[in-house]
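For reference, the structure discussed in these notes is given below.
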Amino acid sequence: MPHPQKLPRICISATGSTAGELMECARRALKQSRFVELRLDWVANPADAIVLIPKLLADRGRSAARAAILQATCRRKSNGGRFTGSVARQLELLHRAAAAGCRVLDFEIESAESAGAVPVASLREAARLILSFHDFQSTPPLAPVVHRLRRFSCDYYKVVPTATRQSDNCAVLDFLSSVSEHDTEGGKWVAFAMGEHGIPSRVLALSRGSAFIYAAPGPFRSSNEARESTAAPGQLDWDTLHNQYRPERLTNRTAIYGLLGNPVRHSVGAAIHNYAFRSCDLDAVYLPLLASDLSDFRKAASRYPLAGFSVTIPHKQSILRYVDKTDREVQAAGAANTVRLRRGRWEAINTDIDGVRIPLQRIYRLSAGNRLSKGFRAIIVGNGGSARAAFIALRALGCRSIAIAGRHPAHARRLAKEMGGEEVSLPALRRERFDLLIHATPVGMWPHHDECPLTGEQLCADTVFDLVYNPPDTRLLRMARAHGCRTISGIEMFLAQAARQFEFWTGKKTPLGQMRRIAVEALDHLRRTTAETEPRARKK
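Position one of the sequence shown corresponds to residue 223 (the numbering used here), numbered consecutively onward.
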């Protein structure tokens with residue numbers, strides 16, 4: 223059956239453990255996109271959901287019903303879905319779904335190979351047919367996958383492996399570019415990678431020739447709802463994908479930036495940098511780049527190719543082994559948080575130093591050239607890259623008395639000796655007094671936001687600056703205010719360092735006021751929608 227009309231670029235996956243829940247999810251999804259997938263296999267008896275499809279369409283009115291495109295998926299459990307019936311029963315249910323109004327059917331390659339060419343052809347007569355391959359463990363060589371899929375005629379071929387490293391994204395994107403270039407019929411291939419490592423491939427897939435991609439419905443009211451409703455590991459909700467990353471607008475010439483680290487899911491860097499790119503009318507995108515293997519990341523960076531990236535824990539120090547050029551501040555800090563790529567060379571700076579310095583200049587009213595008073599005393603809690611950046615910022619502002627404390631006294635002692643400060647034990651803080659305390663560890667960061675690095679007795683300063691920005695108001699800051707301390711939120715550091723990053727990459731200034739609003743909104747969105755654990759359901 224010919225189906226000349228192209229499908230919308232983003233399909234929303236509707237899920238639900240009952241027929242009613244599935245239909246309600248689909249109703250919400252249809253308000254966001256007219257292309258919605260019904261995960262029939264999530265329902266114990268898919269037939270219960272199929273009989274409700276005509277009403278789902280009728281409730282939208284005649285015109286909207288004609289525009290709506292429903293995709294039926296009833297993936298068998300052995301192939302990564304939840305349906306426990308036979309292939310014959312699966313075929314029957316998909317035919318019934320088509321008769322009920324579904325205009326697209328997804329049939330996995332394993333079931334197709336079991337059923338044979340004739341039943342597969344009959345599905346294609348009933349509706350547009352997607353023949354899909356999934357690998358839920360890794361990204362295998364994809365040439366054999368193409369051979370398996372092309373044994374059958376269909377409207378779309380879908381290839382969805384799992385990324386376990388950044389180079390897996392590149393393999394999928396290169397595959398897409400290759401098959402799209404040689405696809406004489408045009409637009410037949412859909413490909414991206416599952417898992418949190420695979421998020422870049424989901425965002426970039428359309429720019430490399432994928433016919434469409436998938437999103438979760440959202441917005442979710444809680445992290446539990448997000449976990450229960452998201453159909454695939456790494457699947458982004460509609461609002462984040464469509465409004466923040468705007469994949470339909472990206473091309474193979476779009477400049478690619480991102481956040482290198484582990485974890486990266488709870489960062490709002492993507493929200494503010496993508497906003498800044500839009501506000502400056504730049505063809506660029508900022509992506510989460512989850513990575514533990516920096517040698518693999520270096521190879522992937524040239525294959526994307528990346529134009530630049532931010533660096534967060536645990537790579538701020540280890541990234542220096544891979545860069546070609548640093549400045550004096552990076553050398554002093556022994557860490558970098560920003561890299562740009564110029565003619566194949568990696569140039570690194572540390573904008574965390576600006577992130578600490580600028581808020582302190584503001585709160586202590588230090589204009590250019592002015593310094594902190596001679597007797598000013600500061601203490602830094604932490605001994606990692608952020609602590610080093612804080613130390614350098616304080617020195618630049620004229621602070622001569624800087625102490626360092628940490629949970630590991632030997633590490634704090636080593637850093638204090640290296641940087642020219644003094645080491646103070648955490649228990650001794652109750653007997654000390656400082657003008658400023660800077661907290662420079664990840665303790666208290668979402669989702670472990672109930673943790674606190676210090677006790678009330680250890681709040682030994684007039685001003686407390688918590689470098690944790692997610693959440694903006696940490697337990698430490700609340701406790702500090704209760705003890706009469708002036709406080710500085712980590713969001714101030716985050717915005718200042720991000721603005722410097724953006725300028726380093728693009729040469730342009732950022733709209734800081736709007737970036738603050740975007741950051742606060744993005745943090746609220748993350749707290750509502752991000753599950754503490756990876757979505758347990760598997761799919762694309």
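Yeah, the Cβ is synthetic: ideal placement off N, Cα and C, and Gly gets one too.
Nearest candidate by alpha-carbon position, reference residue i, set the options
i: Met765; options: Phe414, Asp270 and Arg430; result: The displayed coordinates of the chain run from 223 to 762. Any statement about residue 765 would go beyond what the structure contains.
i: Arg763; options: Gly607, Thr548 and Lys596; result: Here the chain covers residues 223 to 762 and nothing more, so residue 763 does not appear.
i: Arg617; options: Gly409, Thr306, Arg599 and Pro268; result: Arg599
i: Gly604; options: His419, His630 and Pro362; result: His630
i: Trp264; options: Ser489, Arg250, Cys296 and Leu292; result: Cys296
i: Phe687; options: Gly417, Ile602, Gln388 and Met667; result: Ile602
i: Ser389; options: Lys380, Pro362, Val368 and Ser400; result: Pro362
i: Trp411; options: Ile421, Phe397 and Ala632; result: Phe397
i: Thr462; options: Tyr479, Ser514 and Tyr508; result: Tyr508
i: Leu745; options: Gly729, Glu725, His671 and Ala702; result: His671
i: Leu292; options: Ser344, Asn267, Leu351 and Val401; result: Leu351
i: Lys380; options: Arg708, Ala632, Arg468 and Arg424; result: Arg424
i: Ala393; options: Ala523, Ala627, Asn496 and Ser540; result: Ala523
i: Ile740; options: Ala498, Arg261, Leu689 and Gln457; result: Ala498
i: Ser395; options: Cys376, Phe374, Arg372 and Leu364; result: The sequence given here has Leu at residue 395, not Ser. Per the Cα distances, Leu364.
i: Arg550; options: Arg565, His537, Asp357 and Glu569; result: Glu569
i: Arg697; options: Arg311, Ser489, Leu458 and Pro669; result: Pro669
i: Ser589; options: Phe613, Leu619, Arg562 and Pro268; result: Leu619
i: Leu748; options: Pro694, Thr548, Asn474 and Glu332; result: Pro694
i: Leu472; options: Arg231, Arg738, His705 and Gln736; result: Arg231
Proximal residues to residue i (C-beta, below 7 Å), its chain only, five neighbours per side dropped
i: Ala289; result: Arg256
i: Glu640; result: none
i: Tyr586; result: Leu594
i: Gln178; result: Residue 178 lies beyond the stretch modelled for the chain, which goes from 223 to 762, so this question has no answer here.
i: Lys731; result: Glu725
i: Ser171; result: It is not possible to answer for residue 171, since the shown part of the chain is limited to 223 through 762.
i: Ile614; result: Glu551, Ala554, Ala555 and Ile575
Residues that residue i bridges to, as DSSP identifies them
i: Leu353; result: Phe329 and Tyr379
i: Val412; result: Lys380
i: Thr548; result: Ala570
i: Leu463; result: Answer by DSSP bridge pairing: none, since Leu463 is not bridged.
i: Ser623; result: Arg599
i: His661; result: Val603 and Asp688
i: Val561; result: Phe531 and Ala570
i: Ile614; result: Bridge partners of Ile614: none, in fact.
i: Leu260; result: Ala236 and Ala294
i: Pro510; result: Leu481
Closer than 8 Å to chain C by CB, residue i
i: Pro230; result: No chain C is present in this structure, which holds just one protein chain.
8 Å Cβ cutoff met for residue i and residue j
i: Phe414; j: Ala427; result: yes
i: Lys228; j: Gly409; result: yes
i: Gly238; j: Ile275; result: no
i: Asp546; j: Arg567; result: yes
i: Leu512; j: Asn484; result: yes
i: Gly417; j: Thr384; result: yes
i: Ile435; j: Pro469; result: yes
i: Phe329; j: Leu315; result: no
i: Val342; j: Ala349; result: no
i: Asn692; j: Met667; result: yes
i: Gly643; j: Ala662; result: no
i: Thr252; j: Arg282; result: The amino acid at residue 252 is misidentified as Thr; the sequence shows Leu. Cβ distance < 8 Å, so Leu252 and Arg282 count as in contact.
i: Gly530; j: Ala720; result: no
i: Ser489; j: Leu482; result: no
i: Gln466; j: Ala438; result: no
i: Thr476; j: Ser399; result: no
i: Leu563; j: Thr728; result: no
i: Ala236; j: Leu260; result: yes
Beta-carbon proximity list for residue i, same chain, < 6 Å, skipping 5 on both sides
i: Val665; result: Glu673 and Pro675
i: Gly303; result: Asp263 and Arg297
i: Thr755; result: The pLDDT assigned to Thr755 is 39, lower than 50, so where the model puts this residue is not dependable, and the model offers no usable value.
i: His422; result: At residue 422 the sequence reads Pro, which differs from the His that was named. Around Pro422: Asn391 and Leu509.
i: Arg760; result: Confidence is the limiting factor: at Arg760 the pLDDT is only 40, short of 50, which leaves the residue's position unreliable, though a coordinate-based value still follows. Result list for Arg760: Gly302 and Phe358, in chain order.
Heavy atom of the ligand GDP within 7 Å of residue i beta-carbon
i: Asp518; result: Within the structure as shown, the ligand GDP is missing, as the structure has no ligands at all.
For this session: Count the C-beta pairs between the region 684-701 and the region 649-666 that are closer than 8 Å, then say yes if the count reaches three, no if not.
Result: The region 684-701 vs the region 649-666: in contact.
Exercise. Taking one C-beta from the region 607-616 and one from the region 574-584 each time, how about it: are there three or more such pairs within less than 8 Å?
Worked result: Pairwise C-beta distances place the region 607-616 in contact with the region 574-584, as three or more of them are shorter than 8 Å.
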